[in-house]
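Visitor:
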Amino acid sequence: MELAIEVRNVWYTYPGGVVALRNINLDIYLGEKLVILGSNGAGKSTLIKHFNGLLKPQKGYVKVFGVDTRKASVAELSRKVGIVFQNPYHQFFSERVWDEVAFALKNFGYSEDAINYRVTKVLRLFDLYDYADRSPFELSSGEMRRLAIASILAYDPDVIVLDEPTVGQDKIQKEKLREYIKLLTLQNKTVILVTHDIEFITEGFDRIVVMAKGTIVGEGKPKEILYDEEILVKANLMMPQIPRIATCSKLSKIRDERPLTENELLFLVLSMLRGRK
Amino acid sequence: MKGLMESIYEMFIFRKEDKFLNNVDPRVKFVVLLATAVPIFLSFNPLFYVFLTILLVLQTLFLANARRIAFSLKGIVKLLIMFYVIIYVFNAYPNLLNIEIAAMAFMSIFRFFLLVYSFTLFFTTTCIDDLAQVLYKLKIPYHIAYTLVLSVRFVPTVAKDIVQIYDAQRSRGLELEKGNIFERIRKILPILIPAFIISILRVDFVAEALESRAFGSSYKRTFMVDLRIKLVDIIYAVLILIYILAIYLFLNTKAYSFVLGWF
Numbered sequence: 152m153e154l155a156i157e158v159r160n161v162w163y164t165y166p167g168g169v170v171a172l173r174n175i176n177l178d179i180y181l182g183e184k185l186v187i188l189g190s191n192g193a194g195k196s197t198l199i200k201h202f203n204g205l206l207k208p209q210k211g212y213v214k215v216f217g218v219d220t221r222k223a224s225v226a227e228l229s230r231k232v233g234i235v236f237q238n239p240y241h242q243f244f245s246e247r248v249w250d251e252v253a254f255a256l257k258n259f260g261y262s263e264d265a266i267n268y269r270v271t272k273v274l275r276l277f278d279l280y281d282y283a284d285r286s287p288f289e290l291s292s293g294e295m296r297r298l299a300i301a302s303i304l305a306y307d308p309d310v311i312v313l314d315e316p317t318v319g320q321d322k323i324q325k326e327k328l329r330e331y332i333k334l335l336t337l338q339n340k341t342v343i344l345v346t347h348d349i350e351f352i353t354e355g356f357d358r359i360v361v362m363a364k365g366t367i368v369g370e371g372k373p374k375e376i377l378y379d380e381e382i383l384v385k386a387n388l389m390m391p392q393i394p395r396i397a398t399c400s401k402l403s404k405i406r407d408e409r410p411l412t413e414n415e416l417l418f419l420v421l422s423m424l425r426g427r428k
Numbered sequence: 157m158k159g160l161m162e163s164i165y166e167m168f169i170f171r172k173e174d175k176f177l178n179n180v181d182p183r184v185k186f187v188v189l190l191a192t193a194v195p196i197f198l199s200f201n202p203l204f205y206v207f208l209t210i211l212l213v214l215q216t217l218f219l220a221n222a223r224r225i226a227f228s229l230k231g232i233v234k235l236l237i238m239f240y241v242i243i244y245v246f247n248a249y250p251n252l253l254n255i256e257i258a259a260m261a262f263m264s265i266f267r268f269f270l271l272v273y274s275f276t277l278f279f280t281t282t283c284i285d286d287l288a289q290v291l292y293k294l295k296i297p298y299h300i301a302y303t304l305v306l307s308v309r310f311v312p313t314v315a316k317d318i319v320q321i322y323d324a325q326r327s328r329g330l331e332l333e334k335g336n337i338f339e340r341i342r343k344i345l346p347i348l349i350p351a352f353i354i355s356i357l358r359v360d361f362v363a364e365a366l367e368s369r370a371f372g373s374s375y376k377r378t379f380m381v382d383l384r385i386k387l388v389d390i391i392y393a394v395l396i397l398i399y400i401l402a403i404y405l406f407l408n409t410k411a412y413s414f415v416l417g418w419f
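Chains H and G, in that order, are what the protein sequence lines are. So that you can map any letter, position 250 of the first sequence is 401 in my numbering, and since no number is skipped, the others follow by simple counting. So that you can map any letter, position 102 of the second sequence is 258 in my numbering, and since no number is skipped, the others follow by simple counting.
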């Protein structure tokens with residue numbers, strides 16, 4: 152697998168003196184669906200701001216597709232790494248949804264035809280085409296979130312970072328978001344999800360990195376991390392519901408299986424009832 | 157722009173720290189602030205500014221978190237340089253080589269810097285809620301005092317929003333540092349518009365939050381923790397006032413002329 156982002160011995164201290172990152176080492180591969188998990192103040196957002204050069208490491212280095220972020224501009228790196236920020240209000244300024252999506256494309260110097268083609272394509276993909284002439288501020292919060300993702304996807308970056316996309320979203324919106332993430336990985340995009348919504352990440356992700364107090368306290372597959380109470384406690388997080396049920400009822404020990412979703416748990420219970428492995 | 161906003165954020169944020177000024181009664185600090193800031197408007201003597209700078213630097217080094225204050229002031233240096241150039245060019249044009257105007261522009265900027273410095277020292281070491289209590293005890297109606305305090309309280313919040321907006325737009329390829337002056341001004345719009353919209357929305361949220369907690373239903377207000385002036389606070393204020401008075405007397409009496417003649 153091709154290495155997309157390489158983080159080596161990165162330290163970062165904010166001007167107020169708060170040490171946000173302490174010796175971070177991380178490899179992120181092309182096409183991977185990675186979760187960066189941690190409670191508030193763990194350093195997640197500080198880390199992702201290093202991926203497109205918004206912050207430069209004070210010690211160590213970050214390489215994006217082999218390019219050292221200290222030697223490249225934010226605009227150059229943003230073509231490879233698109234960050235969808237937590238609050239859509241922080242980026243919307245255009246009068247029309249169409250212009251909002253076209254903003255990045257204009258900045259990157261795309262031709263008029265390419266802009267028309269890409270904006271139309273991405274608005275249709277996110278069911279926003281009918282709102283193209285509306286103001287972004289007239290949209291519902293779910294639509295705003297989709298527009299924020301669409302405005303990044305329009306310029307087709309290889310890595311897409313979603314910062315706390317599930318905050319304030321209902322279950323239906325969350326399921327839609329899951330579908331969009333699947334769609335992105337089908338296009339071999341790297342998806343990095345930054346969240347503390349532990350229930351959302353039980354399905355559909357390849358790897359979880361757990362952060363606490365500016366360090367990585369755990370890293371592994373969802374079935375390893377979400378069953379590791381020690382790591383979750385370090386990060387001030389609670390085990391998700393299904394692993395908690397499986398652990399408390401000792402189901403996971405009896406059959407040595409680790410269900411993460413309702414279906415997996417149901418299958419485990421039914422197979423035990425039927426007495427077959 | 158990011159550096160300036162980060163400085164403004166630090167300038168208006170109070171943190172509980174084990175520093176002398178952070179624990180001084182806010183009323184005392186308010187008096188000291190007035191004693192420092194008002195003479196800046198009244199005096200035109202460069203020596204007065206030098207003595208005042210010494211006073212502020214000594215307070216920063218020994219009584220406050222010097223690192224934070226230095227960071228806050230560092231961010232406005234570029235802004236001060238820009239103001240200096242504007243004042244100089246407007247006053248000196250068309251004769252752009254004029255030492256007198258250069259000195260006058262420097263004095264104006266230095267006075268502005270000293271004002272910012274004294275207010276920074278006050279806001280970084282004073283809890284904003286205590287400030288509301290100070291104003292209330294000065295017989296200012298609480299709803300007016302609270303409105304004043306709220307406007308200060310939201311300065312760092314807006315500064316933080318602007319930093320986040322700036323990051324979000326840079327992530328979409330916005331490059332403020334490229335292009336001529338007109339292009340650069342035009343490029344500020346994607347930062348200013350979301351900042352205005354967020355601020356307007358926030359006004360609505362704050363108003364609703366205040367109303368839902370019965371703000372303004374009573375004009376009499378009590379406070380959970382009452383302010384108390386300690387002896388050490390009074391000593392601090394008296395020393396500062398004596399210092400400022402001494403400078404004033406020194407610069408306005410024969411002693412000053414004598415020393416000047418001596419040199």
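For every residue, glycine included, the Cβ atom is placed at its ideal position computed from N, Cα and C.
What separation, rounded to the nearest whole angstrom, lies between the Cα atoms of H:Val270 and H:Pro287?
Guide: Near 15 angstroms, if we compare the C-alpha coordinates of H:Pro287 and H:Val270.
Visitor: Under three-state DSSP, which class holds H:Lys374?
Guide: Helix.
Visitor: Determine which residues of the region 312–339 of chain G have a Cβ less than 8 angstroms from any Cβ of chain H, and write them out in chain order.
Guide: Per Cβ criterion, the list reads Asp317, Gln320, Ile321, Asp323, Ala324, Gln325, Arg326, Ser327, Arg328, Gly329, Leu330 and Glu331.
Visitor: How should G:Val194 be labelled, buried or exposed, when 16 other C-beta atoms within 10 angstroms of its C-beta is the threshold for buried?
Guide: Per the 10 Å Cβ criterion, exposed.
Visitor: Taking only beta-carbon atoms, is G:Leu345 less than 8 angstroms away from chain H?
Guide: Chain H, which has a Cβ nearer than 8 angstroms to the Cβ of G:Leu345, makes this yes.
Visitor: I want to see whether chain G comes within less than 8 angstroms of H:Val225, judged by CB atoms only; does it?
Guide: Interface residue, yes.
Visitor: Please list the segments of the alpha helix (DSSP H) lying wholly inside the region 282–370 of chain G, counting only runs of 4 or more residues, in order along the chain.
Guide: Taking only runs of at least 4 residues, the alpha helix (DSSP H) segments lying wholly in the region 282–370 of chain G are 284–293, 298–326, 337–343 and 345–368.
Visitor: Evaluate H:Leu154 with the Cβ neighbour count: other Cβ atoms within 10 Å of its Cβ, from every protein chain shown; 16 or more gives buried, anything less gives exposed.
Guide: Exposed.
Visitor: Give, in chain order, every residue of the region 210–237 of chain G whose Cβ lies closer than 8 angstroms to some Cβ of chain H.
Guide: Listed by position along the chain: Arg223, Arg224 and Phe227.
Visitor: Please confirm if H:Gln209 has its CB atom under 8 angstroms from at least one CB of chain G.
Guide: No, H:Gln209 lies away from the interface with chain G (no Cβ there is under 8 angstroms from its Cβ).
Visitor: Between G:Ile296, G:Phe266, G:Thr281 and G:Lys316, which lies nearest to G:Leu177 when the distance is taken from Cα to Cα?
Guide: For G:Leu177, the nearest C-alpha among the options comes from G:Thr281.
Visitor: Using only CA atoms, which one of H:Ala397, H:Glu326 and H:Ser224 lies nearest to G:Arg326?
Guide: Of H:Ala397, H:Glu326 and H:Ser224, the residue nearest in Cα terms is H:Ser224.
Visitor: Below 8 angstroms between beta carbons: does that hold for H:Ala386 and H:Val368?
Guide: Yes, the pair counts as a contact, with Cβ atoms nearer than the cut-off.
Visitor: Please tell me whether H:Phe243 and G:Pro350 are closer than 8 angstroms, where the distance is taken between their beta carbons.
Guide: Yes; because the gap between Cβ atoms is below 8 angstroms, this pair is in contact.
Visitor: At a CB-CB cut-off below 7 angstroms, which residues of chain H make contact with G:Ile354?
Guide: Residues of chain H passing the Cβ test: Tyr240.
Visitor: When we look at the beta-carbon of G:His299 and count the other beta-carbons within 10 Å, is it buried (16 or more) or exposed?
Guide: Flag for G:His299 reads exposed.
Visitor: Whole alpha helix (DSSP H) runs in the region 184–221 of chain H with 4 or more residues, listed along the chain?
Guide: Qualifying alpha helix (DSSP H) stretches, in chain order: 195–200.
Visitor: Does any residue of chain H have a CB that is nearer than 8 angstroms to the CB of G:Glu256?
Guide: No, because no Cβ of chain H sits closer than 8 angstroms to the Cβ of G:Glu256.
Visitor: Per DSSP, what kind of secondary structure is G:Met191 in: helix, strand or coil?
Guide: Note on identity: in this sequence residue 191 of chain G is Ala, with Met being the wrong assignment. DSSP places G:Ala191 in helix when its eight states are reduced to three.
Visitor: Do H:Leu388 and H:Ile352 have their CB atoms nearer than 8 angstroms?
Guide: Contact: no.
Visitor: Measuring only the C-alpha atoms, how far is H:Glu157 from H:Gly217?
Guide: Those two C-alpha atoms are separated by around 8 angstroms.
Visitor: Which runs of the alpha helix (DSSP H), 4 residues or longer, sit entirely within the region 179–248 of chain G?
Guide: Correct list: 182–198, 202–219, 222–230 and 233–248.
Visitor: Whose C-alpha, out of H:Ala363, H:Gly355, H:Pro239 and H:Glu263, is nearest the C-alpha of H:Gly319?
Guide: It is H:Pro239 whose Cα lies nearest to the Cα of H:Gly319.
Visitor: Is it right to say G:Phe361 is buried, meaning 16 or more other beta carbons lie within 10 angstroms of its own, or is it exposed?
Guide: Answer is exposed; the Cβ neighbour count stays below 16.
Visitor: State yes or no: is the beta carbon of G:Ile349 nearer than 8 angstroms to at least one beta carbon in chain H?
Guide: So, interface residue.
Visitor: Count Cβ pairs between the region 182–189 of chain G and the region 390–404 of chain G that sit closer than 8 angstroms; are there 3 or more?
Guide: As far as the Cβ criterion goes, the region 182–189 of chain G touches the region 390–404 of chain G, which means the pair count is three or higher.
Visitor: What whole-angstrom Cβ distance do H:Leu328 and H:Thr346 have, given they're in contact under 8 angstroms?
Guide: Not really, about 11 angstroms apart at Cβ, beyond 8 angstroms.
Visitor: Identify every run of the alpha helix (DSSP H) within the region 241–295 of chain H, keeping only runs that are complete inside it and at least 4 residues long; order them along the chain.
Guide: The region 241–295 of chain H contains these whole alpha helix (DSSP H) runs: 248–258 and 263–276.
Visitor: Does H:Gly233 come out as helix, strand or coil in the three-state DSSP assignment?
Guide: It is a strand residue.
Visitor: Tell me the DSSP bridge mates of H:Ile323?
Guide: Per DSSP, none; premise fails for H:Ile323.
Visitor: Please identify, using Cβ separations under 7 angstroms, the residues of the region 166–190 of chain G that lie next to chain H, in order along the chain.
Guide: Answer set for the region 166–190 of chain G: Glu166.
Visitor: Which one of G:Leu271, G:Leu235 and G:Ala222 has the shortest CA to CA distance from G:Leu208?
Guide: The residue with the shortest Cα to Cα distance from G:Leu208 is G:Leu271.
Visitor: Beta-carbon of G:Glu162 versus every beta-carbon of chain H: anything under 8 angstroms?
Guide: Yes, because at least one Cβ of chain H sits closer than 8 angstroms to the Cβ of G:Glu162.
Visitor: What residues from chain G crowd round H:Leu205, counting only those whose CB sits closer than 8 angstroms?
Guide: Result: Asp323, Arg326 and Ser327.
Visitor: What is the rounded straight-line gap between the Cα of G:Ser163 and the Cα of H:Lys200?
Guide: Cα to Cα, G:Ser163 sits roughly 19 angstroms from H:Lys200.
Visitor: Could you work out which residue in G:Ala261, G:Leu214, G:Phe371 and G:Ala248 is closest to G:Thr303 when comparing CA atoms only?
Guide: Comparing Cα positions, the closest option is G:Phe371.
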